[in-house]
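Contents: one structure, followed by commentary.
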Amino acid sequence: MTRRIVNELAYVLHQRPYRETSALVELLTVEHGCVSVVGRGVRAGRRTAPGLHPFGRILVTCSGKSALLTLTHAESLDRHVLQGRALFSGLYLNELILRLVKHDDGHPALFVAYEEALAALAAGEEIESVLRRFEKALLRECGYGIDFEFDAETGRSIEPLRCYRFQPDVGFVGVAERADDRSVFSGATLLAIRDDGYHDADVRRAAKRLLRRALAPHLGDRPLNTRSLFGDHRR
Amino acid sequence: MTVRISPLIDRLIDAFRILPGVGPKSAQRMALYILRHNRAGGRTLADALIDAMERVDYCRRCRNFCETEFCNICADERRDDSLLCVVESAADILAVEQAGGYRGRYFVLHGRLSPIDGLGPDALGLDRLDALVGAGGVGEVILATNTTVEGEATAHYIAEMLRDRGLAISRIAHGVPMGGELEYVDGGTIAHALRGRRNLAVDG
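Taken in order, these protein sequences are the chains called A and B. Taken in order, the first sequence gives residues 336 to 570; the numbers are from the numbering used here. Taken in order, the second sequence gives residues 28 to 231; the numbers are from the numbering used here.
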């Protein structure tokens, strides 16, 4: 059966060279989730479709019979220009999407979250907050959303003064002592993360720790390569 | 389906197909051409290929291709040691050299960071670049990687890596091409060109 996508809004996540002048392009679309297309001749000569690079927003038309569709038309709309650490962060978002979002699975809300994250990065907003907000939205849209409201065992509301251990696929479970355990968080911290209140550096650190644990089961054995970009070069 | 001719000729045709832009039809044309018209040229090609494949290696200093310990540019004592231009490919060195005007040294990455494809900092010999700069003598590193997303990421990664070395780090300018008309330049490029605008000095 031939699949057809006509004039759908999409973001370019990645482009890799294919044969002499073509490229394999990974897209995040509104209605069809991640889509892989082959753009024939898009790298030919000097007219190298500038819109087909990462963070470019396009209207895409493509069709085909297999998982890899053939790009028939791409109208370039605009493109977020990211620099420095914001650029690394953007690449990280793209890798997360490519690893977690399934093909042919529309996530309009994820598309909006991605768009907001790119705009925030381009505007120079504090990077950690942008990444955490997006990671939460991504997990939610993929069906792995974290429940910040209730203790998964007792069903009681998360209380600021209690401590909770995070168990992937289960949620937060109340614990008596705040042992030296990297999976334990205070209720107050969890409520701050729920509300995306990242002005406190401790909350930011805890949010990073929590979301790494929440993402890990869905990433499998392969590490996220873009994380290596954030290396510490100080001697 | 490809028509098989004879084992030796088929092998020659297949061998030509490793070249970029050469499909079955062109490969067949090339093979039949040298067999029919230019056997001497064919032998020269074969010898040149064998010699180059066996003896061409990377320059110990800049990682450009060469068959000696140091490439011609690195061996040239008239060059400015204080300038180091970092490029993605050996072809980029040729492009800069042909443009003229640059008399410093080079470093070739033979690629760019593309983490999503698994090409991280380790794959680019960045430790070699770090060591070269650390050995002293370099006053400015010019990051001349491509203006693609990966090229930008590579430039920024190197800039962070060399940040504490106490030298000037610059990025090649990008924006509206020479002779370009704004009307036909894409939005991203124009935005970049505006951000990277510079003062126009007027004499007198």
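C-beta: ideal position from N, C-alpha, C; glycine also. Note that the coordinates shown come from a computational prediction; the quantities given were computed from them, not determined experimentally.
Any Cβ of chain A closer than 8 Å to the Cβ of T172 of chain B would place that residue at the interface, and such an atom is absent. Burial state of I45 of chain B is exposed, judged by a 10 Å Cβ sphere holding fewer than 16 other Cβ atoms.
Near chain B, meaning a CB-to-CB distance below 9 Å, the residues of the stretch 407 to 422 of chain A are S411, L412, D413, R414, H415, V416, L417, Q418, G419, R420 and L422.
Counting only Cβ-Cβ distances below 7 Å, E463 of chain A has no contacts in chain B at all, with the closest Cβ about 17 Å away. In the structure shown, H219 of chain B falls within a helical segment according to DSSP collapsed to helix, strand and coil. Note on geometry: alpha-carbon atoms of A542 of chain A and V372 of chain A lie some 35 Å from one another.
C-alpha of R222 of chain B to C-alpha of E463 of chain A: approximately 25 Å in a straight line. With a threshold of 8 Å between beta carbons, H349 of chain A makes contact with chain B. Relative to R375 of chain A, the option among A:G391, A:S398 and A:F390 whose CA is nearest is A:S398. Taking all protein chains shown into account, K471 of chain A has 16 or more neighbouring C-beta atoms within 10 Å of its C-beta and is therefore buried. Sorting A:V508, A:I432 and A:S357 by C-alpha distance to the C-alpha of G490 of chain A places A:V508 at the top.
Setting aside the 5 residues that flank it on each side, N91 of chain B is surrounded in the same chain by Y85, C98, I100, C101, A117, I120, Y133 and V135, each with a C-beta closer than 8 Å to its C-beta; the list follows chain order.
Residue burial is scored here from C-beta neighbours: H534 of chain A has fewer than 16 other C-beta atoms within 10 angstroms and is therefore classed as exposed.
Not one beta carbon of chain B lies nearer than 8 Å to the beta carbon of T364 of chain A. If you check each beta-carbon in the stretch 128 to 147 of chain B against every beta-carbon of chain A, the ones closer than 9 Å belong to L140, S141, P142, I143, D144, G145, L146 and G147. The bridge partners DSSP lists for H408 of chain A are A:T396.
Of the residues assessed, S33 of chain B falls on the exposed side of the cut-off, its CB having fewer than 16 other CB atoms within 10 angstroms.
The contact set of Y184 of chain B on chain A, defined by CB atoms closer than 7 Å, consists of L564 in chain order. Around G69 of chain B, the same chain offers I61 as residues with beta carbons nearer than 7 Å, after the five sequence neighbours per side are excluded. When A:R467, A:T405, A:A458 and A:A455 are compared, the shortest CA-CA separation from L431 of chain A is found for A:R467. The beta carbons of V165 of chain B and L111 of chain B sit closer together than 8 Å. Residue contact check for T71 of chain B against chain A: no CB pair falls below 8 Å. N99 of chain B sits in a helix when the DSSP states are folded into three classes. Remark: fewer than three beta-carbon pairs, one from each stretch, lie closer than 8 Å, so the stretch 194 to 205 of chain B and the stretch 437 to 444 of chain A are not flagged as touching. DSSP places F501 of chain A inside the beta strand (DSSP E), whose first and last residues are C498 to Q502. For the stretch 216 to 228 of chain B, the set of residues with a beta-carbon nearer than 9 Å to any beta-carbon of chain A comprises T216, A218, H219 and R222, in chain order. Residue pairing from DSSP leaves V30 of chain B without any beta-bridge partner. Chain B has no Cβ within less than 8 Å of the Cβ of E484 of chain A. Contact annotation: G532 of chain A and R497 of chain A have beta-carbon atoms that are not nearer than 8 Å.
About 19 Å separates the beta carbon of L417 of chain A from that of L445 of chain A, a gap too long to meet the 8 Å contact definition. Chain B places no beta carbon closer than 8 Å to that of L431 of chain A, leaving this residue out of the contacts.
For L466 of chain A, the nearest beta carbon of chain B is not closer than 8 Å to its own beta carbon. S521 of chain A is bridged by DSSP to A:C498. For secondary structure counted as the alpha helix (DSSP H) over 4 or more consecutive residues, the stretch 178 to 226 of chain B holds these complete runs in sequence order: 214 to 222.
Close to T561 of chain A, with beta-carbon spacing below 8 Å, are these residues of chain B in chain order: P142 and I143.
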